[in-house]
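Heads up: the structure comes next, in structure tokens.
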Amino acid sequence: MSERSRIQHCPACGSHVQYRIPPDDNRERAVCPACSRIHYENPLNVVGTLPTWNDQVLLCLRNIEPRRGFWTLPAGFMELGETTSQGALRETAEEAGAHIELGPLFSVMNVRQVGQVHLYYLAQLQDTTFDPGPETIEARLFSEADIPWDQIAFRTVRETLKRYFEDRKHGQFGLHTADIE
Numbered sequence: 000m001s002e003r004s005r006i007q008h009c010p011a012c013g014s015h016v017q018y019r020i021p022p023d024d025n026r027e028r029a030v031c032p033a034c035s036r037i038h039y040e041n042p043l044n045v046v047g048t049l050p051t052w053n054d055q056v057l058l059c060l061r062n063i064e065p066r067r068g069f070w071t072l073p074a075g076f077m078e079l080g081e082t083t084s085q086g087a088l089r090e091t092a093e094e095a096g097a098h099i100e101l102g103p104l105f106s107v108m109n110v111r112q113v114g115q116v117h118l119y120y121l122a123q124l125q126d127t128t129f130d131p132g133p134e135t136i137e138a139r140l141f142s143e144a145d146i147p148w149d150q151i152a153f154r155t156v157r158e159t160l161k162r163y164f165e166d167r168k169h170g171q172f173g174l175h176t177a178d179i180e
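If you're matching positions, the sequence shown starts at 0 in numbering that gives the first Met the number 0 and goes up one per residue.
Here it is as structure tokens:
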């Protein structure tokens, strides 16, 4: 994790933290010298779906940074108080305005460099009416041959799509994991 994203001040008392290995731990943590609280920095979960309609997949053209103007699957950061599947449903509704039936978890991509884990569920579109929210310029269906591969926003999306089309050729969908470096 980069130095600028590290905790600087204790969220409990506001004192400047020190990074050290606390007793009974094996990693450097943000420790408050004033109130002795230990603050843990953990990966963020990105949750989303791979919505399909017949032989097409739904992609969203991003209206926000990073990667504004590039295509992605509907996904975003999981919120506190929701499950991964609830977050995936919410993000699909917010970004694409799509009505889906959620399927099984399809891919888990570890993006260690930015401290994230991306989880994508298979999803079946219930109709082809989309109402994208403000984070999306356009939501559109693509056949495999028409996917703008050079305009895909994130490697996790590209890898998930590649695995989906490969599984579809074999007529069986598995759970895929990868470490994105």
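Cβ coordinates follow ideal geometry from the N, Cα and C atoms, glycine included.
For His117, the number of other beta carbons within 10 angstroms of its own is at least 16, and it is reported as buried. When secondary structure is reduced to three states using DSSP, Asp130 falls in the coil class, being assigned neither helix nor strand. In the displayed model, Tyr163 falls within a helix according to three-state DSSP. Taking 7 Å as the cut-off, the Cβ atoms of Val46 and Ala29 do not count as close. Here Gln123 carries a strand assignment [DSSP, helix/strand/coil]. Excluding the 5 residues flanking it on each side, Tyr39 has same chain C-beta neighbours closer than 7 Å at Arg28, in chain order. A Cβ-Cβ separation of about 18 Å leaves Leu57 out of contact with Leu104 under the 8 Å criterion.
When DSSP reads this structure, Tyr18 sits in a beta bridge with Ala29.
Here the C-alpha atom of Pro10 lies approximately 19 Å from the C-alpha atom of Ile20. Contact fails between the segment 76-89 and the segment 145-158, because fewer than three Cβ pairs, one in each stretch, are under 8 Å apart. In this structure, Asn62 sits away from Ile179, with a CB-CB distance that is not shorter than 7 Å. Within the DSSP secondary-structure output, Ala97 pairs in no beta bridge. Per DSSP, the unbroken beta strand (DSSP E) holding Arg139 starts and ends at 135-142. DSSP lists Cys59 as the bridge partner or partners of Thr71. Pairing Ala138 with Pro131 gives a Cβ-Cβ distance under 7 Å.
Taking 7 Å as the cut-off, the beta carbon of Gly114 is found no closer than this to the beta carbon of Glu90.
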